[in-house]
Amino acid sequence: MYPKVSKETIQYGTAGFRGKAELLDSVMFRMGVLATLRSRFREGSVIGVMITASHNPEPDNGVKLIDPKGEMLESSWEKIATDLVNVSDQELEQHVANIIKDNQIDITSSSYVYVGMDNRYHSPRLLKAVADGVIALKGNVREFGIVTTPMMHFFVVAANTKEAYGKPTEEGYYDKLISAFEKLRNGQLENGNYRNRLIFDGANGVGARKMLQFNKRMNKSLDVTVINQGVGPGKINEECGADHVKVQQKPPVGMPIVEPYTRCVSVDGDADRVVYFFTDETGQFRLLDGDRIATLVAGYLMDLIQSCQLDLRLGLVQTAYANGASTDYIVNELKVPVSCVPTGVKHLHHKALEYDIGIYFEANGHGTIVFSDSSKAAISEAAKTNPKAQTLLLVIDLINETVGDAISDMLLVETILNHKGWDVKDWISSYADLPNQQLKIQVKDRNVIQTTDAERVCVKPEGLQDEINQVVANYKRGRAFVRPSGTEDVVRVYAEASTREDTLQLAYEVGRLVQKLAGGVGPELVN
Ligand code: G16
1 MYPKVSKETI QYGTAGFRGK AELLDSVMFR MGVLATLRSR FREGSVIGVM
51 ITASHNPEPD NGVKLIDPKG EMLESSWEKI ATDLVNVSDQ ELEQHVANII
101 KDNQIDITSS SYVYVGMDNR YHSPRLLKAV ADGVIALKGN VREFGIVTTP
151 MMHFFVVAAN TKEAYGKPTE EGYYDKLISA FEKLRNGQLE NGNYRNRLIF
201 DGANGVGARK MLQFNKRMNK SLDVTVINQG VGPGKINEEC GADHVKVQQK
251 PPVGMPIVEP YTRCVSVDGD ADRVVYFFTD ETGQFRLLDG DRIATLVAGY
301 LMDLIQSCQL DLRLGLVQTA YANGASTDYI VNELKVPVSC VPTGVKHLHH
351 KALEYDIGIY FEANGHGTIV FSDSSKAAIS EAAKTNPKAQ TLLLVIDLIN
401 ETVGDAISDM LLVETILNHK GWDVKDWISS YADLPNQQLK IQVKDRNVIQ
451 TTDAERVCVK PEGLQDEINQ VVANYKRGRA FVRPSGTEDV VRVYAEASTR
501 EDTLQLAYEV GRLVQKLAGG VGPELVN
């Protein structure tokens, strides 16, 4: 029913398989098969499948696989998944039999797969392919329709914890988050410089729809105007959404005229990333990205832990994209240990689990906070007598610990700003970002670029890193790296330096080096 239409090798990327939607039907069918096998392998735990291409343009689609505890698919199964999508149609049946044998999977045991999708026009077709894959192996499939990626992670964990984490339904998700948010608000809608008004850019994606559902249920405890709702001609992520706002460093289309310093939020196509922005009185655009959210949250949680006199190890996880100024602030001001891992939630999430309280955020706004079981037990014990510990318990309920969740993260930021009596001016003044710039460079084969040291050093093609080092040395506070994207067919360039002008020049020079030494295609980069 789902023949393979392309002979090109399909790679497992940063967050699963992603590409042009018309090439993905067979991939989806096979991922339905894989999720069923994985559920049986994990003794009947629910496995999640989310159909989305997240921040990519509308013609793309993709699939994210969710393991029983809400993590992304275990890395050892990424290879199984890759081999499965790449075998020919003729080999498929035998290949599936081999997976069953190699992993000693009992094919008579039960299996449960949850499937959801974003609002791309091709998602329903691809969802059917996943469901057919599950049914082909006699698994049980439950379809959730149009939901955000973090909602799917929530449903999977809720089901696998026998509802200890929440009810695995859309209402269960809203109830848990809104109830915690409104208790934390405690009727105080404004405080100090904090105002209750917010503009929400939904990127014409599923996040917009779900934010409207939150609005209906929230009794104005937060006054949110949703723009780029996905009705009318606007395309998903086009000139809007978290990736556009972060990378282009400008507001989305469709912005109403607002007072300077009005808080604005952008989420991406499947609402697992969030960034804040505003314009000041001179009309200058200012960004508060994932690094800012991480530092805000870390400072707030540190204060709560200290006032509860709890001895808990808090740590922060970033990637090479983290602004150098944010890392300095975390280490020198907050005095929180910080680690750097390769791009991809799977890497950040695992590192964060090493702490009692692990905060992880990518600069692009993707992140959450995870609390160990023992830290939760200590906080619960303290909450018997200490109101600050009770606040901490509500904060844990507000956070979607299963994965980065744009709406949950936004509600957390709103809670912290409200408690501190801060507006965006207070928030942004905690430290000054280094100017930074990202470029996408098209090359013949992005796999010629190989990196090490959490993607900060390029080891192939030979000589490229030496040349980058020479260029970077000419810039005060200069830093730059290159890496192949795992979601788009491009090489990404990141640069930062002490001035905007230097940063643009540094990014340009490094981009040119990539074009020259890594097989650039397309027009020459212009300065
Ligand atoms: C996915 C991953 C993120 C990653 C982003 C970009 O985000 O979940 O961890 O930062 O891709 O990855 P790359 O630079 O490799 O293309 P999303 O929101 O697109 O699913």
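Note that full-length UniProt numbering has the sequence shown beginning at 1, numbered continuously upward.
Cβ atoms here follow ideal geometry from the backbone N, Cα and C, with glycine treated the same way.
- Just so you know, the alpha carbons of K440 and R483 end up roughly 10 Å apart.
- In this structure, A15 has its beta carbon less than 7 Å from a heavy atom of the ligand G16.
- For P484, the enclosing beta strand (DSSP E) has its first and last residue at 479 to 484.
- In this structure, the C-beta of R209 stays at least 7 Å away from each heavy atom of the ligand G16.
- By the Cβ-count criterion, G145 is exposed, with fewer than 16 other Cβ atoms from all chains shown falling within 10 Å of its own Cβ.
- Minimum Cα-Cα distance from N228 among the listed residues A164, K220, S221, L212 corresponds to L212.
- Distance from the C-beta of S307 to the nearest heavy atom of the ligand G16 is not below 7 Å.
- Rounded to whole angstroms, the gap between the alpha carbons of N418 and E190 is 7 Å.
- Per the DSSP secondary-structure output, E143 pairs in a beta bridge with V115.
- The beta-carbon separation of I396 and F371, rounded to 6 Å, stays under the 8 Å limit for a contact.
- L287 and F278 have their alpha carbons spaced roughly 7 Å apart.
- Here the alpha carbons of R120 and G269 stand approximately 9 Å from one another.
- Looking at R40, H55, L24, the one whose alpha-carbon comes closest to that of N364 is H55.
- Distance from the C-beta of G511 to the nearest heavy atom of the ligand G16 is not below 7 Å.
- Rounded to whole angstroms, Q104 and A271 show a C-alpha spacing of 37 Å.
- Counted as a single uninterrupted DSSP element, the alpha helix (DSSP H) harbouring E381 occupies residues 373 to 382.
- For Q438, the CB contacts under 7 Å within the same chain, skipping 5 residues up- and downstream, are V247, R492, V493, Y494 in chain order.
- Of the heavy atoms belonging to the ligand G16, none sits nearer than 7 Å to the Cβ of R446.
- Separation of T14 and T385 (C-alpha to C-alpha, rounded to the nearest whole angstrom) is 44 Å.
- Distances between the C-beta of T487 and the heavy atoms of the ligand G16 include at least one below 7 Å.
- Beta-bridge analysis with DSSP links N436 to E496.
- Inside the UniProt domain "Phosphoacetylglucosamine mutase AMG1" (169 to 275), DSSP marks whole alpha helix (DSSP H) runs of 4 or more residues at positions 170 to 185, 206 to 217, 241 to 248, from first to last along the chain.
- For V345, the Cβ falls inside the 7 Å cut-off from some heavy atom of the ligand G16.
- For L126, the enclosing alpha helix (DSSP H) covers residues 123 to 136.
- DSSP places K516 in the helix class (H, G or I) of the three-state scheme.
- Distance from the CA of D466 to the CA of Q318, rounded to the nearest whole angstrom, comes to 25 Å.
- Rounded to the nearest angstrom, the Cβ distance from V113 to V141 is 5 Å, consistent with a contact under 8 Å.
- When the five nearest sequence neighbours on each side are left out, the beta carbons in the same chain lying within less than 7 Å of the beta carbon of K20 are those of P59, D60, in order along the chain.
- In the DSSP assignment, R313 forms no beta bridge with any residue.
- Contact between V275 and D289 holds, since their C-beta atoms are separated by about 5 Å, short of 8 Å.
- Sequence-distant partners of Y165 (beyond 5 residues in either direction) whose C-beta falls short of 6 Å from its own C-beta, in its chain, are V157, A158.
- About 13 Å separates the beta carbon of P260 from that of I199, a gap too long to meet the 8 Å contact definition.
- Residue burial annotation: N474 is exposed, with fewer than 16 other C-beta atoms found within 10 angstroms of its C-beta.
- Here E8 is exposed. Its C-beta has fewer than 16 other C-beta atoms within 10 Å.
- Rounded to the nearest angstrom, the Cβ distance from T295 to Y329 is 6 Å, consistent with a contact under 8 Å.
- For C340, DSSP records a beta bridge to Q318.
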